[in-house]
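Here the protein sequences come in this chain order: W and D. So in the numbering used here the end of the first sequence lands on 200, straight run, no missing numbers. So in the numbering used here the end of the second sequence lands on 1200, straight run, no missing numbers. Don't be surprised by glycine CBs; every beta carbon is placed ideally from N, CA and C. Working notes for the structure below.
2 protein chains.
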Amino acid sequence: MYLRYLEDLDTRGQRTASSDELAQLCGTTPAQVRKDLSFFGSFGKRGLGYPVHELTAHLREILGLEREWRVIIIGAGKIGAALANYRGFLQRGFRIAGVYDKSPEKIGHAWGEAIVRDIANLEQDLTEAETLIAVLAIPADDAQLIVDRIVGAGIRAILNFAPTKITVPAHVSLKSVNMAMELEGLSFALTHAMANSGAA
Amino acid sequence: MYLRYLEDLDTRGQRTASSDELAQLCGTTPAQVRKDLSFFGSFGKRGLGYPVHELTAHLREILGLEREWRVIIIGAGKIGAALANYRGFLQRGFRIAGVYDKSPEKIGHAWGEAIVRDIANLEQDLTEAETLIAVLAIPADDAQLIVDRIVGAGIRAILNFAPTKITVPAHVSLKSVNMAMELEGLSFALTHAMANSGAA
DNA sequence: AGGTGTGAATTATTTCACAGCG
DNA sequence: CGCTGTGAAATAATTCACACCT
């Protein structure tokens, strides 16, 4: 999050930013900003704030964004399409290395830059070029099966959009996004008329 | 999350579930399950566990899912399409009440059940039928502007997919999903080879 | 003055452990 | 017995507040 706003500031040519300013942008507190950043090092200058450009580079380094990551998308449905076209990915060093599906109607069709490949080729393709990240955009039923396969084929991180729990070995990182659950959270908030201070 | 798994158990005809079992399913601890549920009431039976069907109903009630929510989708791009087609929404009581866009090529075209409407009609439409939830699937640049408009028109909860911070008044609930940020989290985990225990 | 880095104090969350009910 | 509900204990996260640098 800090990186996002620091990049904005950097683009606008701002040289330094105080913890106060970053807190405002990110919707948190100055103390929080200082604690968070100090966990990784001592980047600020007393009396001045944090050097925007330098800190941006530091955070990129910390997040492992200096290299390019090959990402495969599994599932050439609507969600897969949305993800493949999402500019944010390329801009931040994530290259769509392939899109896979199992349905014959989709295999072979061009898809943005890529061509939809048969999911049967997966293991083969993954051994040819190191690909560690997979985005899962398939129905819930197939999810765990596919996960086991891609983990077996060497995938080390998964971003899951299938609305189901999936299990991975300890050496694999997993993040899940469940859109229905997000809406239910909003339903709860509306039902209980809770306060919200407008954070992002 | 509990609701999701309880519904599964209910469908399979299971009558009761212990905090141990729920913890296993949800990837948490039995103590956590009991604390969480006890916050809302005393649903379990000692020696037996929680009555699945009954608890499911309680949670639906708590989450405000007994009623139907009208949801509008703003932005008829790829992400909007993915969301409009997402079954999970309807299954859980969220009815797509309209899809809006500003681009003339898209307006008027059928779109699943709905027809893409001109975003200029927004205020009008919203006053005709109570609609409190909006899903934002538009580019970052337009986001805050649109948010101000829909909030002005009476929207009280927003699920934001635009990769930018948006600000809302205190009475409006906001959840943001930032896919690039999720991937960056995975990049960090890979770079630092952290452990992960396979939670959902 | 202006603003970081960081121990100490506070507040929140999670886990423990056990009394008590079915 | 088995398993919940819940105070008490242990951890974790956030905020305070101030020494210290520029």
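Compare the C-beta of A157(W) with all C-beta atoms of chain D and state if any pair is closer than 9 Å. yes
With distances taken between CB atoms, is the gap from I158(W) to I133(W) smaller than 9 Å? yes
Chain W partners of F1188(D), CB-CB under 8 Å? I62, L63 and G64
Any idea if G108(W) is buried or exposed, counting beta-carbon neighbours within 10 angstroms, 16 or more meaning buried? exposed
Looking only at its chain, what residues have a beta carbon closer than 8 Å to the beta carbon of R15(W), apart from the 5 residues adjacent to it on each side? P51, V52 and H53
Nonlocal neighbours in the same chain, by C-beta distance under 6 Å from A1110(D), ignoring five residues either side: none
Are there 16 or more other CB atoms within 10 angstroms of the CB of I115(W), so buried, or fewer, so exposed? exposed
Cβ contact check for the region 1079 to 1089 of chain D and the region 67 to 80 of chain W: 3 or more pairs under 8 Å: yes
Under 8 Å, with one C-beta from each stretch per pair, do the region 36 to 48 of chain W and the region 96 to 103 of chain W reach the 3-pair mark? no
Can you grab the Cα-Cα spacing for the pair T167(W) / L1037(D), in whole Å? 24 Å
Who are the Cβ neighbours of A1193(D) in its own chain at under 6 Å, not counting the five residues just before and after it? none
Name the residues in the region 87 to 105 of chain W whose C-beta lies less than 7 Å from a C-beta of chain D; which are they? G88, F89, R92 and F94
Alpha carbon to alpha carbon, how far is H58(W) from S1197(D)? Give it in angstroms, no decimals. Low local confidence applies: a pLDDT of 44 at S1197(D) is under 50, so the model's placement there is unreliable, with the coordinate-based value given in what follows. Going from the Cα of S1197(D) to the Cα of H58(W) covers about 28 Å.
For P169(W), is the classification buried or exposed, using 16 other Cβ atoms within 10 angstroms of its Cβ as the cut-off for buried? exposed
I'd like the span of the beta strand (DSSP E) that includes Y1100(D), first residue to last. F1094 to D1101
Let's test the definition: count the other Cβ atoms within 10 Å of the Cβ of T1131(D) and tell me whether it reaches 16, buried, or not, exposed. buried
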